[in-house]
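**Student:** Take this structure, written in structure tokens, and hold onto it; I'll ask about it next.
Have a look at this one:
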């Protein structure tokens, strides 16, 4: 019984409705961009794709952080 209560408390502490970060992005044949999102407290098997419109509307700071990270990475590659 103590284990079941402990598991419930742990589940409550993990708020999986918030993205931890964007893992990668892709474009479909029409050029629409989507982002693979890692959720707080979850592992990579729970990553989900979100449209650019959805991530921009629901989690703009996560998108901004990803784009900044991508830009820094691209600048480092260009400097080589």
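Residue numbers (the UniProt record's numbering): 1 to 80.
For glycine and all other residues, C-beta sits at the position ideal for the given N, C-alpha and C.
Since we're looking at a predicted model, the values are computed, not measured.
1) How should residue 63 be labelled, buried or exposed, when 16 other C-beta atoms within 10 angstroms of its C-beta is the threshold for buried?
2) My parser needs the beta strand (DSSP E) runs of 3 or more residues fully inside the UniProt domain "Chromo" (17-78); what are they?
3) Do residue 21 and residue 42 have their beta-carbon atoms positioned less than 8 Å apart in this structure?
4) Assuming contact is defined by CB atoms lying nearer than 8 Å, are residue 73 and residue 52 in contact in what I supplied?
5) Spatial neighbours of residue 66 within its chain, please: C-beta separation below 6 Å, excluding the five flanking residues on both sides.
6) Would you please state the rounded distance, in angstroms, between the beta carbons of residue 47 and residue 36? I believe it to be under 8 Å.
7) Assign residue 80 to one of three DSSP states: helix, strand, or coil.
8) How would you label residue 60, buried or exposed, when you count the other beta carbons within 10 angstroms and need 16 or more for buried?
**Tutor:** In brief:
1) Residue mapping note: residue 63 aligns to position 63 of the chain shown, counting from 1. Burial call: buried.
2) 19-27, 33-39 and 48-51
3) Here residue 42 refers to the residue found at position 42 when the chain shown is read from its first residue. Here residue 21 refers to the residue found at position 21 when the chain shown is read from its first residue. No, the pair does not count as a contact, with Cβ atoms beyond the cut-off.
4) Residue 73 sits at position 73 when you count from the first residue of the chain shown. Residue 52 sits at position 52 when you count from the first residue of the chain shown. No.
5) Within the chain shown, the letter at position 66 stands for residue 66. Counting only Cβ-Cβ distances below 6 Å, and skipping sequence neighbours, we find 22.
6) Within the chain shown, numbered from 1, the residue matching residue 47 stands at position 47. Within the chain shown, numbered from 1, the residue matching residue 36 stands at position 36. About 5 Å separates the two Cβ atoms, so the contact holds.
7) Counted from its first residue, the chain shown places residue 80 at position 80. Coil, per DSSP.
8) Here residue 60 refers to the residue found at position 60 when the chain shown is read from its first residue. Classification for residue 60: exposed.
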